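There are 2 protein chains.
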Amino acid sequence: MYLTQPLHKARRETPDVEAVIYADRRHTFAAFTDRVATLAGVLRGLGVGEGDRVGILALNSDRYIEAIFAALWAGGVFNTVNIRWSAAEIAYSLDDCDTRLLLVDDEFVPLLAEVRQRSRSLNTVIYIGERHCPPDALDYRQLMDAGEPVEDAGRGGDDLAGVLYTGGTTGAPKGVMLSHANLYSCSFGAILDECRRDRVIGLHSAPFFHVAGVGLILQLALRQGTHVVLPRFEERAVLEAIQSEQVGETFLVPTMIRAVLNHPDFDQYDLSSLHTLLYGASPIDSTLLELALKKLPNACFQQLYGMTELSPVVAALPPRCHSDPALKGKLASAGRPAHMAEVRVVDEQDNELPRGEVGEIVARGPMVMKGYWNRPEQTAEALRHGWMHTGDAGYMDADGYLFLVDRIKDMVVTGGENVYSVEVEDALLRQPAVAQCAVIGVPDDKWGERVHAVVVLKAGEPGDESALMEHCKSLIAAYKCPRSFEFVTELPLSGAGKILKYKLKEPHWAGHGRLIG
Amino acid sequence: MYLTQPLHKARRETPDVEAVIYADRRHTFAAFTDRVATLAGVLRGLGVGEGDRVGILALNSDRYIEAIFAALWAGGVFNTVNIRWSAAEIAYSLDDCDTRLLLVDDEFVPLLAEVRQRSRSLNTVIYIGERHCPPDALDYRQLMDAGEPVEDAGRGGDDLAGVLYTGGTTGAPKGVMLSHANLYSCSFGAILDECRRDRVIGLHSAPFFHVAGVGLILQLALRQGTHVVLPRFEERAVLEAIQSEQVGETFLVPTMIRAVLNHPDFDQYDLSSLHTLLYGASPIDSTLLELALKKLPNACFQQLYGMTELSPVVAALPPRCHSDPALKGKLASAGRPAHMAEVRVVDEQDNELPRGEVGEIVARGPMVMKGYWNRPEQTAEALRHGWMHTGDAGYMDADGYLFLVDRIKDMVVTGGENVYSVEVEDALLRQPAVAQCAVIGVPDDKWGERVHAVVVLKAGEPGDESALMEHCKSLIAAYKCPRSFEFVTELPLSGAGKILKYKLKEPHWAGHGRLIG
Chain L
145 MYLTQPLHKA RRETPDVEAV IYADRRHTFA AFTDRVATLA GVLRGLGVGE GDRVGILALN
205 SDRYIEAIFA ALWAGGVFNT VNIRWSAAEI AYSLDDCDTR LLLVDDEFVP LLAEVRQRSR
265 SLNTVIYIGE RHCPPDALDY RQLMDAGEPV EDAGRGGDDL AGVLYTGGTT GAPKGVMLSH
325 ANLYSCSFGA ILDECRRDRV IGLHSAPFFH VAGVGLILQL ALRQGTHVVL PRFEERAVLE
385 AIQSEQVGET FLVPTMIRAV LNHPDFDQYD LSSLHTLLYG ASPIDSTLLE LALKKLPNAC
445 FQQLYGMTEL SPVVAALPPR CHSDPALKGK LASAGRPAHM AEVRVVDEQD NELPRGEVGE
505 IVARGPMVMK GYWNRPEQTA EALRHGWMHT GDAGYMDADG YLFLVDRIKD MVVTGGENVY
565 SVEVEDALLR QPAVAQCAVI GVPDDKWGER VHAVVVLKAG EPGDESALME HCKSLIAAYK
625 CPRSFEFVTE LPLSGAGKIL KYKLKEPHWA GHGRLIG
Chain X
145 MYLTQPLHKA RRETPDVEAV IYADRRHTFA AFTDRVATLA GVLRGLGVGE GDRVGILALN
205 SDRYIEAIFA ALWAGGVFNT VNIRWSAAEI AYSLDDCDTR LLLVDDEFVP LLAEVRQRSR
265 SLNTVIYIGE RHCPPDALDY RQLMDAGEPV EDAGRGGDDL AGVLYTGGTT GAPKGVMLSH
325 ANLYSCSFGA ILDECRRDRV IGLHSAPFFH VAGVGLILQL ALRQGTHVVL PRFEERAVLE
385 AIQSEQVGET FLVPTMIRAV LNHPDFDQYD LSSLHTLLYG ASPIDSTLLE LALKKLPNAC
445 FQQLYGMTEL SPVVAALPPR CHSDPALKGK LASAGRPAHM AEVRVVDEQD NELPRGEVGE
505 IVARGPMVMK GYWNRPEQTA EALRHGWMHT GDAGYMDADG YLFLVDRIKD MVVTGGENVY
565 SVEVEDALLR QPAVAQCAVI GVPDDKWGER VHAVVVLKAG EPGDESALME HCKSLIAAYK
625 CPRSFEFVTE LPLSGAGKIL KYKLKEPHWA GHGRLIG
């Protein structure tokens, strides 16, 4: 958790929105973030290092906000000075936490001489006012003109972010040390109260071993909600639980939503308590959504996108995209980056790509895993440059919505489960009749994608689907086994001899708009 | 951030609400949390230590949720096992992360023999099913009957919370390590999306040096909102900014709200964009609220309670308490504990008091400061037993609302600023005419509380208020100086010679319902 994160997010997601408005000055997020990065460079050039305090003695302005973020961006700590204090008190607090650099506006220039005289630590003053820079101060405008933006120092978590002085019972003010995590979590708590309900009743039917299942336990627990639990998904049990326990929200994958809506006794249940229907693993198609909106008029729909490595959510498609006709085009997306999640699209060298270009989706934030158990190399590969590499290919549109178009990892997502092709291919190849094989995902009404095997048999071997299926089941979980087969005489290969899976997928996915379900 | 926090909160705030419902079993938060603490004791008794994995192989049930929290409460890490896997895959994953203890329900008892045979690490099995405990397993029900609740191990933050297996491109599943902070932040992001607005425009008029000012910068930044900045509070400027910038929310203390509403040109401004009015420092009185609801019909009101040491918010009074006549009694409260904040009321020995009894309000959570700069002793005193001691005396009512009744620290809160009496008394005593003095807060329409000095003069000295005031101003900030004086011949003392300030306050606060504004 780092307090400069929202600037990184906003520069990427809403660069043209106004960030700060003061008097006749207006800065967009793109411009404001650049100013912060430049002022951070100025501060570093003046000797502000890791954890050093940056004092601010000024009335409220755009530059005050800039200074707070620049102090953090530079790796420092802001020390916001009480504007009602006497010079003696100001000098005391600067000395107490060894603040050597102070930003001052016009209002407090008259106090400066006395503060300087009384303070041992104060060294450099930056004038951020609107009039004339005093002779013993540096001019903010000149420094900014000559400055260069620097990289964010990347402090966060338990690192100190601010020192704020409060009176003490012993008479001497004390510097309260607040960390990035302190301030971050407090802000979040405050925001959450906005949408806090008195009582939330959630229904679990996704399996708990899965990150979606366990994640929803924790999410609901954090809101002190009531957990209604079914041993497994079953349409009638879902309908009964919603009615009898007055369930307010639940998570279902689209195939489950369809099963519930199409249950022959659907109309006999009172489901009016259901206000939120979360879904994931795949987008919802518009026919299903129309049916759902008609049959569950009280419910809001929200799609979540993520993976185990991301605890799991990094993007969400908000309810209004499901009801506002103007946002219909967003329905096929995975939504916008979640709070606390930075998401970007990069090329193979991890360079960020322009909006609309397809690349790998990577994510950063406090939800990124600590790593893979006992696998330092795979951890380093997945988390390179501090970003989790999802293996999903996609692009971000002009409004900041994320569209998935293919998978970079060779993987099938079926009924919400990830199946790695190589594991299924390994199993198939252990069958003596199989010469070569390629496992791909093909569209499936029920499972989103279905595990499909394209097999080259050894000369003279018969294509016995059920024998192959039985063979696989003896080695790997049933959901990983191919549900359909295709026997061919050769597989399409690249010049380097790599199997061109996209050529195998093409005929199956034609007309589906994108390669993955 | 620790994932067992919501159980601590719920046991205190909503003990009788149902936590988990499964088949014919229903557990309140009080009962469920006790079960978790007891199961944690059982796990520790079976050798689960810090960071040890606890495997769960079961269909969804109340016991599954209990096991997840018990693993964390015991200081361990949950390892939720894929229920679709073969015995070979299960054994592989248990061995991979050295899971020695596994909870199993009826559905997976048939797999147990093969898993045991294949796994090197599996040692202890707890049967959490509904039928008969297999001979090589321990019976959950017997263990629970004989078990004793233990204290929460208190892990959190970057400590590992769970290991979840996902398939790997190399064919072997990898254990994804998720920390408390990973899962916590992801849950929060998801909740926040519920109430995310497309664009938030916030107006700052509280001074930025103050934790309320800087806190609101960060809070708004986290939501990627637009900051509209005024150099200082001024009624007309607030009205103009709301209208011209279409401001959606702002923070004002009640005295500022009154000033804005009473501005002679109020009716000439279009303030319909204002949807949220945050306030703090003191409750809002019902006359002012009525006026505000009438004059700002689109705005929700929310009170925030906290202090610098808490970054700053730990309780909030939600909007509906301002509009629902049934909740009118809550208007004088400081609201309910915020998300992520545990709040309790304790006696002088830090023992929790029953509901309704007055004691010191203490708080715990990720918003508690790192400490006071360079003051290890005062830090230890303020944060003893892991709880921030607010110095406010109050009680919690049956609905979990927090009522402040007095201040334990000898302090006056005037216009949102804390003034420590001792600092003002020290200044007064430096005046040669003053023999003894006591500084207290008395009710004030404009400032909430006013700094008031009760003075015993040396023999023959005249009571010269303006001389005393000037003297103070030369030493301390103007807002700390007494605004009113009372000259007496002696101060009321306790047997031990301590000044009994409550006796001095009584005549001023009679009829105000509580001792502090």
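Residue numbers (our numbering), protein chains in the order written: chain L, 145 to 661; chain X, 145 to 661. A virtual CB, placed ideally from N, CA and C, is assigned to each residue, including glycine. Remember, it's a predicted structure, so these values are computed and weren't measured experimentally.
Annotation: the continuous beta strand (DSSP E) that includes V549 of chain L extends over 546 to 551. Contact of D468 of chain X with chain L is not assigned, every C-beta pair being separated by 8 Å or more. Counting the other CB atoms within 10 Å of its CB gives S237 of chain X a total of 16 or more, which places it among the buried residues. P481 of chain X is bridged by DSSP to X:A459.
The C-beta distance from F176 of chain L to V192 of chain L rounds to 20 Å, too long to meet the 8 Å contact threshold.
For I505 of chain X, the closest Cβ of chain L is not nearer than 8 Å.
Ranked by Cα distance from E605 of chain X, the options X:D589, X:G585, X:T633 are led by X:T633.
Counting only residues of its own chain and dropping the five nearest sequence neighbours on each side, Q387 of chain L has a CB closer than 6 Å to the CB of Y413, D414. Interface criterion not met: the Cβ of G300 of chain X is under 8 Å from no Cβ in chain L. For the pair C625 of chain L and K617 of chain L, the Cα-to-Cα distance works out to about 6 Å. Sorting X:W591, X:V578, X:R528 by C-alpha distance to the C-alpha of V598 of chain X places X:V578 at the top. No residue range can be given for S263 of chain X, since it is assigned to no beta strand (DSSP E) and is classified by DSSP as neither H nor E. In this chain, M511 of chain X is not harboured by any beta strand (DSSP E), its DSSP state being neither H nor E. With a cut-off of 8 Å on Cβ pairs, the stretch 192 to 207 of chain L is in contact with the stretch 267 to 286 of chain L, counting three or more such pairs. In this structure the stretch 536 to 552 of chain L touches the stretch 501 to 515 of chain L; the number of beta carbon pairs closer than 8 Å is three or more.
Against chain X, a Cβ distance below 8 Å from A214 of chain L picks out nothing, because the smallest value is about 13 Å. DSSP places M288 of chain L in the uninterrupted alpha helix (DSSP H) bounded by 284 to 290. Burial is judged here by how many other beta carbons sit within 10 angstroms of a residue's own beta carbon; Q368 of chain X has at least 16 and is buried. Look at T452 of chain L: its C-beta is under 8 Å from a C-beta on chain X. Around the beta-carbon of A537 of chain L, 16 or more other beta-carbon atoms lie within 10 Å, marking it buried. In the structure shown, N223 of chain X falls within a strand segment according to DSSP collapsed to helix, strand and coil. Taking 8 Å as the CB threshold, F352 of chain X lines the interface with chain L. For the stretch 579 to 603 of chain X, the set of positions with a beta-carbon nearer than 9 Å to some beta-carbon of chain L is empty. Listed along the chain, the chain L residues whose CB falls inside 8 Å of the CB of S426 of chain X amount to none; the nearest CB is some 18 Å away.
What E162 of chain L touches in chain X, judged by beta-carbon distance under 7 Å, is T370, going in chain order. Contact with chain X is absent for P293 of chain L, since none of that chain's Cβ atoms lies less than 8 Å from the residue's Cβ. Around the beta carbon of Y309 of chain X, 16 or more other beta carbons lie within 10 angstroms, which makes this residue buried.
With contacts defined as CB atoms closer than 8 Å, A202 of chain L and L247 of chain L qualify as a contacting pair.
Per DSSP, N204 of chain L has no beta bridge partner at all. Taking C-alpha positions only, L418 of chain X is separated from I620 of chain X by approximately 38 Å. Closer than 7 Å at the C-beta level to chain L, one finds these residues of the stretch 612 to 624 of chain X: I620, A621, A622, Y623. K474 of chain L does not reach chain X, its nearest Cβ partner there being about 12 Å away, counting only Cβ pairs nearer than 7 Å. For G515 of chain L, the C-beta contacts it makes with chain X under 7 Å involve M321, in order along the chain. R574 of chain L is classed as exposed because its beta carbon has fewer than 16 other beta carbons within 10 Å across all chains shown. For R228 of chain L, at least one C-beta of chain X is nearer than 8 Å to its own C-beta. Excluding its 5 nearest sequence neighbours in each direction, A482 of chain L has C-beta neighbours in its own chain below 7 Å: V457, V458, A459, A460, listed in chain order.
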